[in-house]
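Following: one structure in structure tokens, then a few remarks.
Numbering (this note's numbering), first residue to last: 4 to 131.
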């Protein structure tokens with residue numbers, strides 16, 4: 004719920020000041036800004052102010068995972084710093100040039116994630 008309020012406030016801020024873009028540029032608003040505090044659920048907020056009154060708002064998970072690869076299996080582990088429980092996840096991965104396809108099962112549902120190496124995105128409109 005707090006996320007919605009922060010997002011709404013930033014949205015209003017952006018629309019209100021979008022007509023004075025050149026003033027924002029001169030004042031140093033342009034660029035990526037990150038919250039100073041990591042929340043209890045290990046997230047930080049990132050806002051990137053772009054030209055023409057646009058911005059990107061992200062809530063980013065900050066976690067210290069460990070991983071190992073065995074054949075086509077990616078095994079990750081994370082110790083929850085509040086509950087002290089160790090969470091282990093095993094996924095199947097397929098690695099192609101600049102693309103990883105990760106498949107795992109959560110609550111009996113198959114989930115497939117396609118990840119592209121940062122900086123390699125092509126805007127074909129067809130996805131990865």
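Ideal placement from N, C-alpha and C gives every residue a C-beta, glycine not left out.
Note that the structure is a prediction, hence the values are computed from the model and not measured.
DSSP state of residue 56, grouped into three classes?
As a position in the chain shown, residue 56 is number 53, starting the count at 1. Under the three-state reduction of DSSP output, residue 56 falls in the helix class.
Taking 8 Å as the threshold, find out whether the stretch 41-54 comes into contact with the stretch 62-78 through three or more Cβ pairs.
yes
Go through its chain and collect everything with a Cβ distance to residue 68's Cβ below 8 Å, but skip five positions before and after it.
Within the chain shown, residue 68 is the residue found at index 65, counting from 1. Around residue 68: 79, 80, 81.
Minimum C-alpha distance to residue 98 - residue among 120, 41, 51
Indexing the chain shown from 1 puts residue 98 at position 95. That would be 120, whose Cα lies nearest to the Cα of residue 98.
What does the alpha-carbon distance come out to for the pair residue 117 and residue 105?
Locating residue 117 in the chain shown gives position 114, counting from the first residue. Locating residue 105 in the chain shown gives position 102, counting from the first residue. Taking the straight line joining both Cα atoms gives about 6 Å.
Alpha-carbon to alpha-carbon, residue 33 and residue 2
Coverage of the chain is limited to positions 4 through 131, which leaves residue 2 absent and any answer about it impossible.
Output the boundary residues of the beta strand (DSSP E) element that contains residue 67.
What you label residue 67 is simply residue 64 of the chain shown in a count that begins at 1. Element bounds for residue 67: n/a, residue is neither H nor E.
Endpoints, the beta strand (DSSP E) within which residue 109 is located
By 1-based counting over the chain shown, the position of residue 109 is 106. First-last of the beta strand (DSSP E) with residue 109: 102-109.
Going by DSSP, which residues form a beta bridge with residue 37?
Locating residue 37 in the chain shown gives position 34, counting from the first residue. According to DSSP, which records beta bridges pairwise, residue 37 is partnered with 49.
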